[in-house]
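Asks: Mind having a look at this structure? Questions to follow.
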Amino acid sequence: MSVTQVAAYAAPAPKAPLERTTVPRRAVGEHDVLIGIKYAGICHSDIHQVRDGWGEGIYPMVPGHEIAGLVTEVGAGVTRFAVGDRVGVGCFVDSCRECAYCLRGQEQHCVKGMTGTYNALDKNGEPTYGGYSTHLVVDENYAVRIPDGLALDVAAPLLCAGITLYSPLRHWGAGPGTKVAIVGLGGLGHIGVKIAHALGAEVTVLSQTLRKKEDALRLGASHFHATSDEATFDELAGSFDLILSTVSAPLGLDAYLALLKVDGALVNVGAPEEPVALNLFSVIGGRKTLAGSMIGGIAETQEMLDFCAEHRLGSEIELIGADRINEAYERVRAGDVRYRFVIDASTI
Ligand code: NAP
Ligand code: ZN
Ligand code: ZN
């Protein structure tokens with residue numbers, strides 16, 4: 050295939066509804082694979098970026114970094130994949146490949162900056178377009194293999210939501226004997242519950258209301274508390290080794306830090322559009338850690354997919370046609386999704 054136009058859904062301008070259009074995909078280079086996209090998850094990061102909530106958005110914007118599909122063509126130099134392979138692409142499609150972080154498999158922290166799957170410029174200065182599309186051309190080193198044990202539709206959200214939770218859970222040692230709280234039971238949170246439970250941790254969900262309690266217990270949580278109830282914060286003071294916040298809005302950090310044991314860590318993966326306040330006494334007492342974490346590298350993403358296949362963990366999804374993307378965005382913003390919208394790319 051030479052440079053070609055493919056069907057996609059794009060936001061033409063900040064906050065504009067997404068509409069059907071076409072975007073260019075480069076010719077398949079020596080080390081590239083052409084992927085026929087089957088499914089693309091809708092991450093809350095797509096919504097932040099379409100709204101230009103993080104700034105510096107590039108339009109028209111084709112979101113989508115939870116991509117699952119099949120290899121339909123390979124370049125002459127490709128060694129890792131063959132036509133027909135089941136593959137995924139996450140949040141980035143390139144990096145410098147030379148810096149210390151790239152060399153140790155932490156491409157997301159590349160000193161020259163990773164090339165985002167969308168809303169970014171590639172090495173040639175061309176805009177990248179994401180997974181709300183029929184096809185994607187990507188260097189084989191930035192694709193991962195989706196194990197046979199995982200259906201492609203429920204695997205797609207793992208490419209962002211899955212790795213975003215798996216990486217900090219592993220880094221901060223979630224496992225048998227540790228108490229982990231997941232704040233926010235949305236797309237990220239519900240996969241976090243499954244993975245933390247599979248790692249052997251004792252999992253608590255902290256959600257705004259009690260509405261999702263039954264779901265959380267079914268997904269693997271042992272405890273569930275509503276954060277709208279003031280008593281929750283008194284009852285759980287000093288309880289957790291690790292708290293992972295997936296909340297998309299600013300969080301009252303001091304209240305959550307108080308729920309940690311001595312030496313515990315509050316790790317924020319939610320990426321709200323506004324800054325948050327912090328009283329430093331909240332980390333001084335109890336030698337607590339306040340940290341963040343961003344997705345994971347390619348090797349760790351593969352490790353996460355293999356782990357999820359082994360433990361039969363996929364996302365809980367609501368499959369939609371592309372004509373419902375805008376409606377889905379409104380529903381995610383309203384907290385009305387259980388627990389990830391996934392676009393059937395055949396409808397694009
Ligand atoms: P989501 O499906 O909308 O889930 C977010 C959850 O946060 C909601 O389900 C809700 O859970 C809770 N929440 C929402 N508004 C809240 C508020 N005002 N106060 C308290 N809780 C609230 O979103 P997502 O796709 O999981 O993404 C979550 C965040 O992570 C987004 O900001 C996204 O950009 C970010 N993200 C970061 C990374 C990374 O690498 N760090 C990767 C992907 C996404 P309850 O109903 O249970 O309260
Ligand atoms: Zn994402
Ligand atoms: Zn690098």
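Numbering (our numbering), first residue to last: 50 to 397. Each residue gets a CB set at the ideal place from its N, CA and C atoms; glycine is no exception.
1) Within 10 Å of its beta-carbon, does Lys-172 have 16 or more other beta-carbons around it, so buried, or fewer, so exposed?
2) With a cut-off of 8 Å on the beta carbons, I'd call Thr-253 and His-272 a contact; round off their distance for me.
3) Considering only the beta carbon of each residue, do Ile-292 and Val-381 sit closer than 8 Å?
4) Could you check where the beta strand (DSSP E) with Ile-231 kicks off and where it finishes?
5) Can you say whether Trp-221 is buried or exposed, counting buried as having 16 or more other CB atoms within 10 angstroms of its CB?
6) Please state whether DSSP places Asp-355 in a helix, a strand or coil.
7) By how many angstroms is the C-alpha of Thr-121 removed from the C-alpha of Arg-43?
8) Pull every residue with its beta-carbon under 7 Å away from any heavy atom of ligand 3, and keep them in chain order.
9) Three or more C-beta pairs under 8 Å: does that hold for the stretch 153–161 against the stretch 237–249?
10) Counting pairs of Cβ atoms below 8 Å between the stretch 310–330 and the stretch 211–230, do you hit three or more?
11) I'd like the ranges of any beta strand (DSSP E) spanning at least 3 consecutive residues and lying wholly in the stretch 271–303.
12) For Tyr-5, which three-state DSSP category applies?
13) Using DSSP with H/G/I as helix, E/B as strand and the rest coil, what is Phe-330?
14) What residues in its chain sit with their C-beta under 7 Å from that of Gly-346, if we drop five residues either side in the sequence?
15) Does the stretch 173–189 come into contact with the stretch 358–370, if we say contact requires no fewer than three beta-carbon pairs (one atom in each stretch) closer than 8 Å?
16) Across the stretch 183–190 and the stretch 327–344, are there enough close Cβ pairs to call them in contact, namely three or more that are closer than 8 Å?
17) Is the beta carbon of Ile-392 closer than 8 Å to that of Ile-366?
18) Can you give the Cα-Cα distance for His-80 and Val-72, rounded to whole angstroms?
19) I'd like to confirm something about His-239: is its beta-carbon nearer than 7 Å to some heavy atom of ligand 4, or not?
Replies: Taking the geometry as given:
1) Position 123 of the sequence shown, counted from the start, is the residue given in the question as residue 172. In this structure Lys-172 is exposed. Its beta-carbon is surrounded by fewer than 16 other beta-carbon atoms within 10 angstroms.
2) Residue mapping note: residue 253 aligns to position 204 of the sequence shown, counting from 1. Residue mapping note: residue 272 aligns to position 223 of the sequence shown, counting from 1. Right, their Cβ atoms sit about 4 Å apart.
3) Translated into the one-based positions of the sequence shown, residue 292 becomes position 243. Translated into the one-based positions of the sequence shown, residue 381 becomes position 332. Between Ile-292 and Val-381, the gap from beta carbon to beta carbon reaches 8 Å or more.
4) On the sequence shown, residue 231 is found 182 positions in, with the first residue counted as 1. Taken as a continuous stretch (DSSP letters only), the beta strand (DSSP E) holding Ile-231 covers 228–232.
5) Working through the sequence shown from its first residue, we reach residue 221 at position 172. Per the 10 Å Cβ criterion, buried.
6) Here the question's residue 355 lines up with position 306 in the sequence shown. The three-state reading of DSSP puts Asp-355 in helix, counting H, G and I together.
7) Since the first residue shown for the chain is 50 and the last is 397, residue 43 is missing from the structure and cannot be characterised.
8) For ligand 3, the selected residues are Ser-144, Cys-145, Arg-146, Glu-147, Cys-148, Tyr-150, Cys-151, Glu-156, Cys-159, Val-160, Lys-161.
9) No, because fewer than three Cβ pairs between the stretch 153–161 and the stretch 237–249 fall closer than 8 Å, the two stretches do not touch.
10) Proximity of the stretch 310–330 to the stretch 211–230 meets the contact definition, three or more beta-carbon pairs being nearer than 8 Å.
11) With a minimum length of 3 residues, the continuous beta strand (DSSP E) runs that stay inside the stretch 271–303 are 272–275, 289–294.
12) The requested residue 5 does not occur in the structure, where the chain is confined to residues 50 to 397.
13) Taking the first residue of the sequence shown as position 1, residue 330 is located at position 281. Phe-330: helix per DSSP, three-state reduction.
14) Taking the sequence shown and counting its residues from 1, the one referred to as residue 346 is at position 297. Result list for Gly-346: Gly-154, Gln-155, Glu-156, Gln-157, in chain order.
15) Taking a cut-off of 8 Å for Cβ pairs, the stretch 173–189 and the stretch 358–370 do not touch, as fewer than three such pairs fall below it.
16) No, because fewer than three Cβ pairs between the stretch 183–190 and the stretch 327–344 fall closer than 8 Å, the two stretches do not touch.
17) Within the sequence shown, numbered from 1, the residue matching residue 366 stands at position 317. Within the sequence shown, numbered from 1, the residue matching residue 392 stands at position 343. No. Outside cutoff.
18) Along the sequence shown, one-based indexing puts residue 80 at 31. Along the sequence shown, one-based indexing puts residue 72 at 23. Distance from the CA atom of His-80 to the CA atom of Val-72, rounded to whole angstroms, is 21 Å.
19) Of the ligands this structure carries, namely ligand 1, ligand 2 and ligand 3, none is ligand 4.
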